[in-house]
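What follows is a set of notes on a single structure, which appears directly below.
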Amino acid sequence: MSVAEPPGVAPGRGAGEREPASWTARVREAAVDVLPPEKLLPDGQPTYVASWIYVFGVASIASLVVIIASGSILALKGPAWWHYTGVGHFLNSIHLWAVELFFFVMVVHLWGKYWMAAWRGGRIRVWITGAIIFLIAIPTALTGYVSQQNFDSQWISTQAKDAMNSVGIGAFFNVTNFGQMYSWHVLLLPIAVVALVAAHVLLVRTHGVVPPFELEKRLERAGAHAGGVTGGAGDDTGAGEGDGSGAAA
Amino acid sequence: MGVLAAVFNLNHPAHTVDWHFIHLSVANVVVIGLMFVVFALAIALPFPGAQRRRRANK
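Taken in order, these protein sequences are the chains called A and B. Count along the first sequence starting at 1, add 1035, and that's the number in our numbering. Count along the second sequence starting at 1, add 1, and that's the number in our numbering.
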């Protein structure tokens, strides 16, 4: 007579050496191991995060939300609406100024993270995804400018085509082709930006916000580097309330 | 709209700042300057509640 195994456990294995039979269970357990719920949605922040320089990451995300929301409405309504109606002009301006704000706060965020060497403590992928987001945001904005359907977009596209041709990509990235530029602008590039922002935030949650240099040195001296700087810092050196994995900054 | 148009007269080529190979519109120079100002203020200005949180963790 065989003993029934618990659901999701491979046959022939005891409860002590449980290995899920289902790939969904394995993925779930691996995800929880990498990013447990208390790190994904923490209820405390390290004390060193209480500085204005840490708000520009989340300000970039807030700007991006406004960009996506206003851009979705513009895409649904179309060029005649955004050129010839009052509400259309308004949404068009909201979209433009949200982009201006996005780049503004993203650049300040980038400067802040550069000068605090935010790739320390195994955070190189956080830095790289952030840098790639910045690089992809540039053609995302350019394709928006050339998708306006007015004289401004004609001027920008005829100027930009020389740049594209000079680097050899003009044949398949034709800035004077509205349909192609519009597809890049409303579909392909936004998907890349949003996916990378999601990855960037999850990596911040996984590794925690980079601590200040001074705090890192103190923790190293205290012999707490392994568990403290990269994962948690709960002493009186300035990183008390959280576990070092606080803000998406 | 009329008021803004009076403040910002755009009916002319952009004013630019030129220095060797650097060629920037005045509008972009103003934005870059503002980014430096905001960056400096973000480092210099105290964050609300920061001192209280530090004291609470001592």
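Ideal Cβ positions, reconstructed from N, Cα and C, are used throughout, including at glycine.
query = Three-state secondary structure (DSSP) at residue 25 of chain B?
reply = Here residue 25 of chain B refers to the residue found at position 24 of the second sequence. Residue state, collapsed to three classes: strand.
request  = Run down chain B in chain order and give the residues with a C-beta less than 7 Å from the C-beta of residue 1085 of chain A.
outcome  = As a first step, residue 1085 of chain A is located in the first sequence; it is residue number 50 there, counting from the start. Near residue 1085 of chain A (Cβ distances below 7 Å), the residues of chain B are 48, 50, 51, 54.
ask   = Using a C-beta cutoff of 8 Å, does residue 1169 of chain A count as contacting chain B?
value = For the purposes of this step, residue 1169 of chain A is taken as the residue at position 134 of the first sequence. Not an interface residue.
ask   = Measuring CB to CB, does residue 18 of chain B end up less than 8 Å from residue 25 of chain B?
value = Residue 18 of chain B sits at position 17 when you count from the first residue of the second sequence. Residue 25 of chain B sits at position 24 when you count from the first residue of the second sequence. Cβ distance < 8 Å, so residue 18 of chain B and residue 25 of chain B count as in contact.
inquiry  = Taking CB distances under 8 Å as the criterion, tell me whether residue 1146 of chain A reaches chain B.
reply    = Start at 1 with the first residue of the first sequence, and residue 1146 of chain A comes out as number 111. Closer than 8 Å to some Cβ of chain B, the Cβ of residue 1146 of chain A qualifies, so yes.
inquiry  = Going by beta-carbon coordinates alone, are residue 1238 of chain A and residue 1161 of chain A separated by less than 8 Å?
reply    = As a working mapping, residue 1238 of chain A is identified with position 203 in the first sequence. As a working mapping, residue 1161 of chain A is identified with position 126 in the first sequence. Yes, the Cβ-Cβ distance between residue 1238 of chain A and residue 1161 of chain A is below 8 Å.
ask   = CB residue 1178 of chain A to CB residue 1219 of chain A, shorter than 8 Å?
value = Numbered from 1 along the first sequence, position 143 holds the residue referred to as residue 1178 of chain A. Numbered from 1 along the first sequence, position 184 holds the residue referred to as residue 1219 of chain A. Taking 8 Å as the Cβ cut-off, residue 1178 of chain A and residue 1219 of chain A qualify as a contacting pair.
query = Taking just the CA atoms, how far does residue 1249 of chain A sit from residue 1136 of chain A?
reply = Taking the first sequence and counting its residues from 1, the one referred to as residue 1136 of chain A is at position 101. Taking the first sequence and counting its residues from 1, the one referred to as residue 1249 of chain A is at position 214. Near 31 Å, if we compare the C-alpha coordinates of residue 1249 of chain A and residue 1136 of chain A.
query = For residue 1307 of chain A, which three-state DSSP category applies?
reply = Absent from the model: residue 1307 of chain A. The displayed extent of chain A is 1036 to 1284, so no value can be given.
ask   = Taking Cβ positions only, does residue 44 of chain B come closer than 8 Å to chain A?
value = Position 43 of the second sequence holds residue 44 of chain B. True, the Cβ-Cβ gap to chain A drops below 8 Å.
query = Ends of the beta strand (DSSP E) at residue 19 of chain B?
reply = Taking the first residue of the second sequence as position 1, residue 19 of chain B is located at position 18. Unbroken beta strand (DSSP E) run through residue 19 of chain B: 17-20.
request  = Would you mind giving the Cβ-Cβ distance between residue 1157 of chain A and residue 1235 of chain A, rounded to the nearest angstrom? I have them listed as a contact below 8 Å.
outcome  = Looking up residue 1157 of chain A in the first sequence gives position 122. Looking up residue 1235 of chain A in the first sequence gives position 200. That belief does not hold up - the Cβ atoms of residue 1157 of chain A and residue 1235 of chain A are roughly 15 Å apart, past 8 Å.
query = Are the stretch 39-59 of chain B and the stretch 1087-1104 of chain A in contact at 8 Å, needing three or more beta carbon pairs?
reply = Judged by Cβ distances under 8 Å, the stretch 39-59 of chain B makes contact with the stretch 1087-1104 of chain A, as three or more pairs qualify.
Boundaries (first-last residue) of the alpha helix (DSSP H) holding residue 1180 of chain A = The sequence position of residue 1180 of chain A within the first sequence is 145, counting from 1. Start and end: 1159-1180.
task = Can you say whether residue 1165 of chain A is buried or exposed, counting buried as having 16 or more other CB atoms within 10 angstroms of its CB?
result = In the first sequence, residue 1165 of chain A corresponds to position 130, counting from 1. Counting Cβ neighbours within 10 Å, residue 1165 of chain A comes out buried, since at least 16 surround it.
CB contact check: residue 1143 of chain A to chain B, cutoff 8 Å = For the purposes of this step, residue 1143 of chain A is taken as residue 108 along the first sequence, with counting starting at 1. Yes, contact with chain B.
Coil, strand or helix - residue 1071 of chain A by DSSP = Reading the first sequence from its first residue, position 36 is the one you call residue 1071 of chain A. DSSP places residue 1071 of chain A in coil when its eight states are reduced to three.
query = Can you list, in chain order, the residues of its chain whose CB lies under 7 Å from that of residue 1169 of chain A, leaving out five sequence neighbours each side?
reply = Here residue 1169 of chain A refers to the residue found at position 134 of the first sequence. 1141, 1145.
query = Could you give the distance in angstroms between the alpha-carbon of residue 1123 of chain A and the alpha-carbon of residue 1130 of chain A?
reply = Taking the first residue of the first sequence as position 1, residue 1123 of chain A is located at position 88. Taking the first residue of the first sequence as position 1, residue 1130 of chain A is located at position 95. Residue 1123 of chain A and residue 1130 of chain A: Cα-Cα distance of roughly 10 Å.
inquiry  = Using only the alpha-carbon positions, how far apart do residue 1062 of chain A and residue 1072 of chain A sit?
reply    = Locating residue 1062 of chain A in the first sequence gives position 27, where the first residue counts as 1. Locating residue 1072 of chain A in the first sequence gives position 37, where the first residue counts as 1. Taking the straight line from one Cα to the other gives about 15 Å.
query = Rounded to whole angstroms, how far is the Cβ of residue 1151 of chain A from the Cβ of residue 1245 of chain A, which I believe are closer than 8 Å?
reply = Taking the first residue of the first sequence as position 1, residue 1151 of chain A is located at position 116. Taking the first residue of the first sequence as position 1, residue 1245 of chain A is located at position 210. The pair is a contact, with the Cβ atoms about 6 Å apart (cut-off 8 Å).
message = Quick check on residue 47 of chain B: does DSSP put it in helix, strand or coil?
response = Against the second sequence, residue 47 of chain B aligns to sequence position 46. Residue state, collapsed to three classes: coil.
key: 8 Å Cβ cutoff, residue 12 of chain B in contact with chain A   = As a first step, residue 12 of chain B is located in the second sequence; it is residue number 11 there, counting from the start. Not one chain A Cβ lies under 8 Å of residue 12 of chain B.
ask   = Taking DSSP as the reference, what is the three-state secondary structure of residue 1055 of chain A?
value = Here residue 1055 of chain A refers to the residue found at position 20 when the first sequence is read from its first residue. Residue state, collapsed to three classes: strand.
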